[in-house]
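Chemist: Here it is: the structure, laid out below.
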Amino acid sequence: DWGGALLFQWGMQHADAVQGMAYTETIVSPVSWRDWPEDARGIFQGMRSEAGEKIILQKNLFIEGILPNSVLRSLTEEEMNVYRKPFLEGGERRRPMLTWPREIPVEGEPEGVCEMVTAYGKWLQDCEIPKLFINAEPGSILTGRQRQFCRRFRKQHEVTVKGSHFIQEDSPDEIGIAIAEFIQKLRHP
């Protein structure tokens, strides 16, 4: 999700260096809590409060709860261990997983992020750079109003794959094929 935001911001600032953009399950415009998945709203509101320090830095809930609940299939213990490895030690090593939820542009906060996302959202609507939208079905954060917004982007091809939020865990082959075909079309129009 944050990777897509970084892609769009960088692409807007360096459009001459971008041949194409592929994205999925990211932030395309500032959201309200009504846009956020109902089953995840409470935990994300908690992470944005003082309780976030305990939720993430101590309990590691992002890895132990949000990750496995954002994949349609069950992750194996071996797969979970790969995700856990960088965050085995509690405390500040887990800070990035707390910072990101606090940076999601919700209800006008944080103001600077909302401004950035609004700017690249407007740019994406008119930009002529080819885009590949890998739509997740049922999806998680790029649904409803957000999904309809991004479907208005110019020069965009859409493919739909099975997945919730971490769709690479549910549809890796389909995603790889879609990206390979997209790159092939960019190189040989």
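Residue numbers (the UniProt record's numbering): 1 to 189. Even for Gly, the Cβ is constructed at its ideal location relative to N, Cα and C.
1. Please classify R94 as buried or exposed, where buried requires at least 16 other C-beta atoms within 10 Å of its C-beta.
2. Taking the alpha-carbon positions, what's the Y120 to K155 distance?
3. Roughly how many angstroms lie between the CA atoms of T26 and I56, to the nearest whole one?
4. Kindly indicate which three-state DSSP category I177 falls into: helix, strand or coil?
5. Are the beta-carbon atoms belonging to L142 and F182 less than 7 Å from one another?
6. Thinking just about the alpha-carbon of each residue, which of C127, N135, G144, D170 is nearest to the one in H14?
7. Alpha carbon to alpha carbon, how far is F149 from V28?
8. Is it true that the stretch 73-84 meets the stretch 98-112, where meeting means three or more beta-carbon pairs spaced less than 8 Å apart?
9. What span of residues does the beta strand (DSSP E) with T118 cover, start to end?
10. Starting from E78 and walking both ways along the alpha helix (DSSP H), at which residues does that stretch end?
11. List the endpoints of the continuous beta strand (DSSP E) containing P138.
12. Quick one: grab the DSSP three-state call for A22.
Modeler: This is what the structure gives:
1. R94 should be labelled buried.
2. When rounded, the distance between both Cα atoms is 16 Å.
3. 21 Å
4. helix
5. no
6. If we check each option's Cα against that of H14, C127 comes out closest.
7. For F149 and V28, the distance between alpha carbons rounds to 8 Å.
8. no
9. For T118, there is no enclosing beta strand (DSSP E); the enclosing alpha helix (DSSP H) has its first and last residue at 111-126.
10. 77-84
11. 131-138
12. strand
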